[in-house]
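The next block holds one structure in the form of structure tokens; read it before the comments.
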Amino acid sequence: MEPVTSHQTQAASRLYRVLAEAAGDDNVFLSPFSIATALSMAFGGAGGDTALQLRQALALPEDAASLHDGYGKVLAKLNDPPNVTLTTANKMYVQNSYKILDSYLELMKNQYLSELKSVDFVDAAGTSKLINDDVESLTRGKIKDLIDPSALNALVRLVLVNAIYFKGSWQEKFDKEVTQKRDFFVTPDSAVKTDMMFMDGKRFNCGVLSDLGCKALELPYEGRRFSMLLLLPDKKDGLKALEEKLANTPVQSIMQKLHSEKTTISIPKFKLETSYNLEDHLKKLGIFDLFDSNSADLSKISGNNDLFVSKVVHKAFIEVNEEGAEAAAATGMIMMMRCMPMEQFEFFATHPFFFAIVDNEVSLVLFSGRYVKPE
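Residue numbers (my numbering): 866 to 1240.
Next comes the structure, spelled out in structure tokens:
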């Protein structure tokens, strides 16, 4: 699994960075795991410069076989863990008259646990409904309309989809009775009222990370395999500076620096829904040929050099409340510290912060985002 966790760690940081830069002062939420998995599926069919660009952008290992084998192990481990609900699924939708190489079909089935469906892309409305119904079902109704009918036509041959759904209850739940409207500072001088949850006196892993200029808090879900990491900048307008430092600081390494302290916590209840067309963002990472009809080399998919990616769509959803968190995401690809002990650690997230949902056992960032303002 190590080739996957290593590449996913770097890909998570790079994908978050390009989306955060493009989002300006808006909230951000994504599943780097979902995006990187879909792109790794494409990498399995890529050759030449197309494969090289994917490898460099996503920190993929030289040994492609070890990467794909690693995905097989990770995906098997992710599905149906105890205490939380976690589902991840890969699907291939292929034009019914189009021939896919047996070697690629085997790779998708055995390593990516991918299900194949034959469809007719000429029927754009019917096929987009089929794909969207599958994704909506996999994400418990949270991700709707992933693929727009206008993206499908007679030239489309293959759609790759990765979907992930997570729902977990906090190990220590917040008391709904003490949730109340409080100020959340969207800028140093401007506050809006939002529902803030509160908890006092429980022990959590936390710390002051002076090198990053922030406080960190880990909130575990039941069973403790999964947790949410929150990073609160010391300054009300310090999120951009924190994000720049996070580019070279894996989330997992931050969590290793935390220690257990009695804690007073106040964080907002929130719900975010995001949608991204990723082509331009991926080009910023150096992935160009994949989207160029003249340059793309996806010959390991069909044996012919007639495929390119016309669209990569990513939608994500998260809801955080007193009980826990529910998150979902789907990616569709269309081919055409130093800790300072305190008496009681205080973590009052009353201004913009970064957060991530992490699988501690497999060492993966499943979701990441920033909360900048109530929606």
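Glycine residues also receive a C-beta, built at the ideal position from the N, C-alpha and C atoms.
Computed from a predicted model, the values in this text were never measured in an experiment.
Taking three-plus beta-carbon pairs below 8 Å as touching, is the region 873 to 888 in contact with the region 1142 to 1149?
yes
Spatial distance of L943 from D1054 (CA atoms)
43 Å
In whole angstroms, what is the alpha-carbon distance linking V939 and G1103?
35 Å
Measuring straight from C-alpha to C-alpha, what distance separates E980 and N1027?
11 Å
Just curious, the beta strand (DSSP E) that A956 is in, first and last residue?
The sequence as given places Lys at residue 956; Ala does not occur at that position. Where K956 is concerned, the enclosing beta strand (DSSP E) stretches over T950 to Q960.
Contact set for L837: own chain, Cβ-Cβ below 7 Å, skip 5 residues either direction
Here the chain comprises residues numbered 866 to 1240, so residue 837 is not present and cannot be evaluated.
Please report how far the alpha carbon of A1194 lies from the alpha carbon of S1140, in whole angstroms.
9 Å
So is H1179 buried or exposed if we call it buried at 16+ other beta carbons inside 10 Å?
buried
Inspect the CB distances between the region 1167 to 1182 and the region 1116 to 1135 and report whether three or more fall short of 8 Å.
no
Close-in-space but distant-in-sequence residues of the same chain around G825 (CB under 8 Å, 5 per side omitted)
Nothing about residue 825 can be read from this structure; the chain reaches only from 866 to 1240.
The alpha helix (DSSP H) spanning T1004 covers which residue range?
According to the DSSP assignment, T1004 belongs to no alpha helix (DSSP H), since it is labelled neither H nor E.
Can you name, in chain order, every residue of its own chain whose Cβ lies under 6 Å from the Cβ of R814, other than the five neighbours on each side?
Any question about residue 814 goes unanswered here, given that the chain covers just 866 to 1240.
Cα separation between K1100 and S1015?
The C-alpha of K1100 lies about 44 Å from the C-alpha of S1015.
Looking only at its own chain, which residues have a Cβ that is under 6 Å from the Cβ of I1130, when we skip the five neighbours before and after it?
M1064 and F1212.
Continuous beta strand (DSSP E) stretch holding E980: start and end:
E980 to V984
Straight-line CA distance for L1229 to S1118?
12 Å
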